[in-house]
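K.L.:
Counting from 14, one number per residue, gives the positions in the sequence shown under my numbering.
By construction, the Cβ of each residue, glycine as well, lies at the ideal position given by its N, Cα and C atoms.
Take this structure, written in structure tokens, and hold onto it; I'll ask about it next.
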Amino acid sequence: MKRETKCIQAGYEPKNGESRMIPIIQSTTFKYDTSEDMGKLFDLEASGYFYTRLQNPTNDFVAAKIAALEGGTAAMLTSSGQAANFFSIFNIASQGDHIVSSSMIYGGTFNLFNVTMKKMGIDFTFVSPDCTDEELEAAFRPETKAVFGETIANPAVSVLDIERFADAAHAHGVPLIIDNTFATPIFCRPFEWGCDIVTHSTTKYMDGHDAAVGGCIVDSGKFDWMAHKDKFPGLTTPDESYHGITYAEKFGMEGAFITKATAQLMRDFGSIQAPMNAFFLNLGLETLDVRMRRHVANAQKVAEFLEKHPNVAWIDYPGLPGNKYYDLAQKYMPEGTCGVISFGVKGGRSAAEEFMKHLKVAMIATHVADAHTCILHPANSTHRQLSDEELIASGVGPDLVRLSVGIENVEDIIEDLEQALSYI
Ligand SMILES: *Cc1c(COP(=O)(O)O)cnc(C)c1O
């Protein structure tokens, strides 16, 4: 199946007389004839459902669709993108371990790594996605367990050189984990470039309608855990909390990572996506290809308009030929990048405030990557507590505006920006 067809049909094949749409299995538990039958499920001897905190059929249909879109072998849904990124690391790292991460990542992920996971005893070294090979090499330690980055970073819209980061990770016997939220598998399949694990905040383009918070983890099935047995004891030695199962032996390269994350992390942390939300996510996935192409076509026109506007000081959009990441974007995402644009208005913080006050189509919202055009002024919202000097130091200047171009008529979006820019 081609991608457009997978968006509609992958993951769920109704049998004769069954519902054509993915059923919402709104049930916490599942019934069995004998305790023996159920015992086999608990021992992971047989596959089946027993409690929705671990697995639910609706979620599994949708996860299988995302796995097909990414070209992976197994996937699981989580309650949010935050849970997906946390699980993707915590599944293979514990106290005393270390992770190399791109410094240009979503603020929530940066805080999860730099504050909360550090408290759990996992250390992180942050490197610029533009660092030299020597700087990247110097970030590794003997206890490094993974490398992490975002295909297109939120909100910096920088592009990661996936092959270079994958090569560095593999040279040290560890996987590359990539958050592919902004590009989506429509525009980039990181597994084709050597990435091992992909994560998503499905809250963004995948759901695409501001309807449901969610996340997903997908395994490429390509990382050989057994070849690095000593580094990943959680996968390569018996799990005493699961009847002595060795995940990498029993489920192989294709299934070990997701089975362990389900059996241990979902069991213990319970960050399950509600089946109802998975149903909404599936509706979004059905139109993902169509929507992404409109997002990118609109964003390209908006970026070209902003680039030429006299009241716009600067603009970052990897689809613009002058952009620093244009060549990388062409390599990894030749059909398009995303709908998110960062730009600065002339006149700094107060000019940005004045401009945003007059917008009518673009809505002020702490959100990106959905059907509605929305806009955020970090200096006045998410980064409000920082002074102008601190804002500049954190790479989010006082004039920075993050615009997420939706799928409305692009002339309405441009007209709106034009009239609001005339006030500064
Ligand atoms: C929003 C976002 C997240 C966090 O996802 P939630 O669903 O809000 O928990 C993680 N990574 C990226 C790139 C995001 O944009």
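Kindly indicate which three-state DSSP category Y255 falls into: helix, strand or coil?
P.N.:
Of the three classes helix, strand and coil, the one that applies to Y255 here is helix, per DSSP.
K.L.:
Tell me whether R397 sits in a helix, a strand or coil according to DSSP, three-state version.
P.N.:
Reduced to three states, the DSSP call for R397 is coil.
K.L.:
For M89, write down the residues that DSSP places opposite it in a beta bridge.
P.N.:
Answer is I230.
K.L.:
Within 10 angstroms of the Cβ of K19, are there 16 or more other Cβ atoms? Answer buried if so, exposed if not.
P.N.:
Looking at its Cβ environment, which holds 16 or more other Cβ atoms inside 10 Å, K19 is buried.
K.L.:
Quick one: using the 10 Å Cβ neighbour count with 16 as the cut-off for buried, is Q22 buried or exposed?
P.N.:
Exposed.
K.L.:
Taking 7 angstroms as the line, does the beta carbon of V231 fall inside it for any heavy atom of ligand 1?
P.N.:
No.
K.L.:
Taking L413 as the reference, which of I38, E431, S394 has the closest Cα?
P.N.:
The candidate whose alpha carbon is nearest that of L413 is S394.
K.L.:
On the DSSP bridge list, what partners appear for Y260?
P.N.:
Answer is none; Y260 lacks a bridge partner.
K.L.:
If we count Cβ pairs, one from each stretch, closer than 8 angstroms, do we get three or more for the segment 118-131 versus the segment 248-263?
P.N.:
With the cut-off at 8 angstroms, the segment 118-131 and the segment 248-263 do not touch.
K.L.:
Using a Cβ-Cβ cutoff of less than 6 angstroms, which residues in the same chain neighbour E367 once the five nearest sequence positions on both sides are dropped?
P.N.:
Here the set comprises Y436, I437.
K.L.:
Taking just the CA atoms, how far does S214 sit from V381?
P.N.:
The straight-line gap from Cα to Cα measures roughly 11 angstroms.
K.L.:
Whole beta strand (DSSP E) runs in the segment 301-342 with 3 or more residues, listed along the chain?
P.N.:
For the segment 301-342, whole beta strand (DSSP E) runs of length 3 or above, ordered along the chain, are 325-329.
K.L.:
Out of P323, M289, G349, which one is the CA nearest neighbour of I38?
P.N.:
Out of P323, M289, G349, M289 has the C-alpha closest to the C-alpha of I38.
K.L.:
So what's T18 in DSSP terms, helix, strand or just coil?
P.N.:
Looking at T18 - three-state DSSP - the assignment turns out to be helix.
K.L.:
Is S93 near T197, with beta carbons less than 8 angstroms apart?
P.N.:
In this structure, T197 does not lie closer than 8 angstroms to S93 by Cβ.
K.L.:
Under the rule that 16 or more other beta-carbon atoms within 10 Å means buried, what is I102, buried or exposed?
P.N.:
Buried, because 16 or more other Cβ atoms sit within 10 Å of the Cβ of I102.
K.L.:
By Cβ distance, which residues of its chain are closer than 6 angstroms to A392, with the 5 residues on each side in sequence left out?
P.N.:
Counting only Cβ-Cβ distances below 6 angstroms, and skipping sequence neighbours, we find R362, L404, P411.
K.L.:
Spell out the partners DSSP gives A159 in its beta bridges.
P.N.:
In DSSP, A159 forms a bridge with I112.
K.L.:
Please classify M117: does DSSP put it in a helix, a strand, or coil?
P.N.:
Of the three classes helix, strand and coil, the one that applies to M117 here is coil, per DSSP.
K.L.:
The alpha helix (DSSP H) with G357 in it runs from where to where?
P.N.:
That residue, G357, is in no alpha helix (DSSP H); its beta strand (DSSP E) goes 353-358.
K.L.:
Can you find the residues in the same chain that come closer than 7 angstroms, C-beta to C-beta, to F153, ignoring five residues on each side of it along the sequence?
P.N.:
Around F153: V113, H185.
K.L.:
Give the DSSP bridge partners of Y64, in chain order.
P.N.:
Y64 is bridged to T42.
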